[in-house]
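Numbering (this note's numbering), first residue to last: 535 to 732. Structure first, then comments.
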């Protein structure tokens with residue numbers, strides 16, 4: 535009868551005895567050092583002698599770019615979240631130091647992350663700095679037809695130098711992407727795309 539009680543309780547007893555042990559104390563039997571008594575323990579090099587990180591500058595630049603990708607915009611007094619996107623040619627520095635000619639929203643690829651709460655209205659002012667017409671399609675977002683970004687069907691193309699204001703209230707939570715719907719392949723492949731988080 536005692537064995538029937540002891541065997542199921544044994545793992546709990548062992549677990550409890552291990553939980554109370556100080557992590558700084560050795561858990562097993564202590565082995566004496568194999569070094570002679572007069573041998574010195576190895577010491578770490580002082581911090582000033584650490585080698586320079588050759589990737590630090592690139593990593594810092596990458597982290598700074600990530601921080602710029604998250605706009606700090608807050609809702610206005612009327613509760614509308616407003617963003618401005620400028621689609622324009624720019625050069626983006628690569629890790630090898632070379633510049634890559636791209637088309638970008640607000641000078642970055644991917645474009646900025648736009649954030650809005652479910653049920654909150656968002657307004658996005660698009661400025662076209664490209665040498666050709668463009669638009670924004672809110673991929674997967676249920677928007678009013680006039681805000682869908684399909685030129686010739688739901689809106690006129692935004693000409694070079696022109697502006698268009700998109701205004702809608704997302705009906706679904708999720709992570710979506712936005713991109714042009716004029717010469718879609720060319721404009722997306724050149725860098726015109728971004729993320730909408732609802």
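Backbone N, C-alpha and C fix where the C-beta goes; we use that ideal spot for every residue, glycine too. Every value quoted in this text rests on a predicted model; they were computed, and no experiment measured them.
| Item | Value |
| --- | --- |
| Can you tell me which of 641, 643, 712 puts its alpha carbon nearest to the alpha carbon of residue 674? | 712 |
| One question on the structure: do residue 648 and residue 730 come within less than 9 Å of each other, judged by their Cβ atoms? | yes |
| Run through the DSSP bridge pairs and tell me what residue 689 is partnered with. | 685 |
| Around the Cβ of residue 668, are there at least 16 other Cβ atoms within 10 angstroms (buried) or fewer (exposed)? | buried |
| Rounded C-beta distance between residue 685 and residue 716? I'm assuming under 8 Å. | 5 Å |
| Check each candidate in 661, 623, 672 and name the one with the smallest Cα separation from residue 702. | 672 |
| I'd like the list of long-range same chain contacts for residue 722, defined as Cβ closer than 6 Å, with 5 residues on each side in sequence excluded. | 713 |
| Give the straight-line distance between the Cα atoms of residue 555 and residue 593, rounded to the nearest whole angstrom. | Reliability of the predicted coordinates at residue 555 is poor, the pLDDT of 49 falling under 50, and no value is obtained from them. |
| What's the C-alpha gap between residue 693 and residue 626? | 24 Å |
| Helix, strand or coil for residue 640 per DSSP? | coil |
| Could you give the first and the last residue of the continuous alpha helix (DSSP H) run that contains residue 722? | 718 to 723 |
| Mark residue 680 as exposed unless 16 or more other C-beta atoms lie within 10 angstroms of its C-beta, in which case mark it buried. | exposed |
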